[in-house]
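A short write-up of the structure that comes next.
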Amino acid sequence: MARWFNVAGPCRSALHYMLPATERLPDVMRLIQQQNYFVLHAPRQSGKTTAMLSLAQTLTASGQYAAALLSVEVGAPFSDDPERAELAILDSWRGASSWQLPTVLQPPPWPVAETGNRLGAALRAWAMASPQPLVLFLDEIDALQNHLLLSVLRQLRDGYPGRPHAFPASLALIGLRDVRDYQVASGGSERLTTASPFNIKVESLTLRNFRAEEVAALYAQHTADTGQQFTPAALTRAFTLTQGQPWLVNALARQAVEVIAPDPTQPIDVAVIDAARDRLIQRQDTHLDSLAERLREPRVRAVIEPLLAGLVPAELPADDLQFVQDLGLVRMDPQAGLVIANPIYAAVIPRMLTATTRAFLPMITPIWRTPEGRLDPARLLEAFLAFWRRHGQPLLGTTAYHEIAPHLVLLAFLDRVANGGGRVERESAVGRGRLDLRLEYGELVLPMEVKVWRDGEGDPKGEGLAQLERYLQGVGVTTGWLLIFDQRRGDTPIAERTRAEVATTPGGYQVTLIRA
Ligand SMILES: Nc1ncnc2c1ncn2[C@@H]1O[C@H](COP(=O)(O)OP(=O)(O)OP(=O)(O)O)[C@@H](O)[C@H]1O
Ligand SMILES: [Mg+2]
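For the sequence shown, the positions run 655 to 1170 when the numbering used here is used.
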């Protein structure tokens, strides 16, 4: 039977197409051989568990180590009850070792120990009983918080000098963040100090995303199993859209080969990949959903909000920026600066932020659709102005991202428009002070430049026209919209100030200027 693209949990080579799991961890063998304690941190769904489980199995199979991947996640609900947390964790460790290790390498019965020392005592007893040096990887370490996390780290540090005979010879903590960054008090800003209870770690490793050639190699496994081809352009497209994010790489291919083009004689081309992307964005699968959860956190919002509006963030703590990068939501691009991590997240994030707005969006008659199913820009303008005058004000209150509320309401509106056969592409980068949007509908491409006029600033019209002109030239069309949302504190209600006029860019393009 052919294998498949895995989108649910760690990969298994017998079932799933997969890349060699530890290739992205070139230094890890040296760290283990030298009996080190280290940290592996990488964003969600990047392959941490897959890699470390496979590494543990390789180490054990070599006959030189007793190696297992254990998790501390089950302790998380008992942050305030260390005894129950420790017992739950020990129970899950026994379960995990029972299927990962042969009988001779199983842990002995856990010794009796005081709360606050149960894990340390168990590790000591296990290492002493083990015929081979014990190597353990503790997954989901950042599921633990506060005193419980500190207690676990202290127990590790306490036992560390006893390795390799009386404590695990090598040990890794696996999570989203580097240990020094763990928040001790949930929601607070207190961090572990430099005298960290895990200052015994020698190194922090991270997992990079897949490279373009790795994505091609993964997809080639499907071609080998089923005969279904990917065109070179489709491979390039898949990499551009996912930037090699491991789960996205799999999820995109899965939609393509199982849903969009289930017939293996049909090659996967760019159109299939694009259709797969659209489905993925619509579906908001679990991984994408868990990102949405994060968007509610204030320090995430502090980064994402200006990013979406193309603004320079006001005084961003470096730490918050690092946090949002560690989550995998944004990345530093050598050319563009800080950007949303990949085009799929970039499409999903505004959709998630506009979920409420879209839910409250009234019925809008699609007067912009011609009888032939094309889009009439003049009628679209009419519909937008009427929509904004009537519903703009209340809808602005439907998002927690106040700074970019007009953008989000506009996106929700355009989403509705695109629903009938078009799509909305958006581009923004920090510091450009604007949002570029492009409505594509059949043959029609309608670029839009969105600016916000804030208190104490001048009219952004001149700047906006020049920016729109450059955008038009980039896209290769001759007209578009400049939307200026007036966010100054004033008395004129939206219904009265919303209007449109024709304006001319410095280079002579006739465009539509909308003030709202
Ligand atoms: N070696 C690999 N080859 C191909 N795809 C992989 C590989 N490793 C991971 N993936 C993809 O990434 C997904 C997540 O893998 P895994 O559960 O190992 O990641 P994780 O970083 O532990 O995630 P989480 O942070 O949620 O625990 C898999 O479902 C699969 O789509
Ligand atoms: Mg995992």
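Where is the CB? At the ideal position from N, CA and C, for every residue including glycine.
Quick one: is the Cβ of residue i within less than 7 Å of any heavy atom of ligand 1?
| i | result |
| --- | --- |
| Pro-680 | no |
| Asn-660 | yes |
| Ser-746 | no |
| Ser-858 | no |
| Met-1017 | no |
| Ala-696 | yes |
| Trp-901 | yes |
| Asn-863 | no |
| Gln-699 | yes |
| Ala-675 | yes |
| Leu-872 | yes |
| Met-782 | no |
| Met-672 | yes |
So, at 6 Å on beta carbons, what are the nonlocal neighbours of residue i in its own chain, with the 5 sequence-adjacent residues on each side left out?
| i | result |
| --- | --- |
| Gly-829 | His-695, Ile-795, Asp-796 |
| Ala-656 | Asp-879, Thr-880 |
| Gly-841 | At Gly-841 the pLDDT is 43, less than 50, meaning the model places this residue with poor confidence; the figure from the coordinates comes in the next sentence. Closer than 6 Å at the Cβ level, and outside the excluded window around Gly-841, lies no residue. |
| Ala-1000 | Ile-994 |
| Ser-843 | Reliability of the predicted coordinates at Ser-843 is poor, the pLDDT of 44 falling under 50, and the value obtained from them is presented with this limitation in mind. Closer than 6 Å at the Cβ level, and outside the excluded window around Ser-843, lies no residue. |
| Thr-704 | Pro-664, Cys-665, Ala-675 |
| Ser-733 | Gln-799, Asn-800, Leu-802 |
Nearest to residue i by alpha carbon, out of the options?
| i | options | result |
| --- | --- | --- |
| Ser-944 | Val-926, Trp-901, Ala-929 | Trp-901 |
| Phe-884 | Thr-894, Val-924, Gln-897 | Val-924 |
| Met-706 | Pro-697, Ala-721, Ala-715, Leu-962 | Ala-721 |
| Gln-1164 | Thr-896, Ile-998, Ala-1120 | Ala-1120 |
| Ala-1072 | Leu-1050, Tyr-1095, Pro-1060 | Tyr-1095 |
| Arg-831 | Val-693, Leu-1126, Gly-749 | Val-693 |
| Asn-690 | Arg-817, Phe-864, Ile-935 | Arg-817 |
| Gln-938 | Val-1131, Leu-992, Arg-1005, Leu-961 | Arg-1005 |
| Thr-1008 | Leu-975, Pro-1060, Gly-991 | Pro-1060 |
| Thr-1158 | Arg-953, Asn-800, Val-954, Trp-1135 | Trp-1135 |
| Pro-756 | Tyr-719, Arg-862, Thr-769, His-1045 | Tyr-719 |
| Gly-1128 | Glu-1150, Gly-1144, Glu-1103, Asp-1109 | Glu-1103 |
Report yes if the C-beta of residue i is less than 7 Å from at least one heavy atom of ligand 2; otherwise report no.
| i | result |
| --- | --- |
| Thr-703 | yes |
| Asp-1113 | no |
| Asp-793 | yes |
Quick check: the Cα distance between residue i and residue j, rounded to an integer number of angstroms?
| i | j | result |
| --- | --- | --- |
| Ala-783 | Ser-708 | 24 Å |
| Leu-859 | Gly-1118 | 44 Å |
| Leu-949 | Ala-1066 | 17 Å |
| Val-1099 | Leu-1093 | 6 Å |
| Ala-1054 | Phe-1014 | 14 Å |
| Tyr-814 | Ser-700 | 29 Å |
| Ala-779 | Glu-1057 | 56 Å |
| Gly-982 | Glu-1026 | 43 Å |
| Leu-1064 | Ser-751 | 53 Å |
| Leu-802 | Ser-824 | 22 Å |
| Ala-632 | Gly-898 | Residue 632 is absent from the structure shown; the chain starts at 655 and stops at 1170. |
| Ala-1040 | Leu-1050 | 15 Å |
| Arg-1077 | Arg-933 | 12 Å |
| Val-926 | Thr-1052 | 35 Å |
| Lys-855 | Leu-810 | 10 Å |
| Gly-1075 | Asp-917 | 25 Å |
Sorted by chain position, which residues of the same chain lie with C-beta nearer than 8 Å to residue i's C-beta, five sequence neighbours on each side aside?
| i | result |
| --- | --- |
| Ala-776 | Leu-744, Trp-747, Pro-761, Trp-764, Pro-765, Ala-767 |
| Trp-1107 | Asp-1113, Pro-1114, Ile-1138, Phe-1139, Asp-1140, Gln-1141, Arg-1142 |
| Ala-849 | In this predicted model, Ala-849 has a pLDDT of only 49, less than 50, meaning its place in the structure is not dependable; the value taken from the coordinates is given anyway. Within the same chain, Ala-849 has no close Cβ partners at all. |
Taking 7 Å as the limit between beta carbons, can you name the residues of its chain near residue i, skipping five residues before and five after?
| i | result |
| --- | --- |
| Val-758 | Pro-785 |
| Val-806 | Val-726, Leu-773, Leu-798 |
| Ala-870 | Leu-889 |
| Phe-821 | Leu-777, Arg-778, Ala-781, Gly-813, Tyr-814 |
Segments assigned alpha helix (DSSP H), at least 4 residues, entirely inside the segment 964-996: 972-980
Length-filtered (3 minimum) beta strand (DSSP E) runs lying within the segment 862-925: none
Continuous alpha helix (DSSP H) assignments of at least 4 residues falling wholly in the segment 748-788: Here the runs fully enclosed are 772-783.
Complete alpha helix (DSSP H) runs within the segment 673-757 (minimum length 4 residues, chain order): Entirely contained in the segment 673-757, the alpha helix (DSSP H) runs reaching 4 residues are, in chain order, 682-687, 702-715, 736-754.
Sequence ranges, alpha helix (DSSP H) only - wholly within the segment 1100-1156, length at least 4: 1115-1129, 1148-1151
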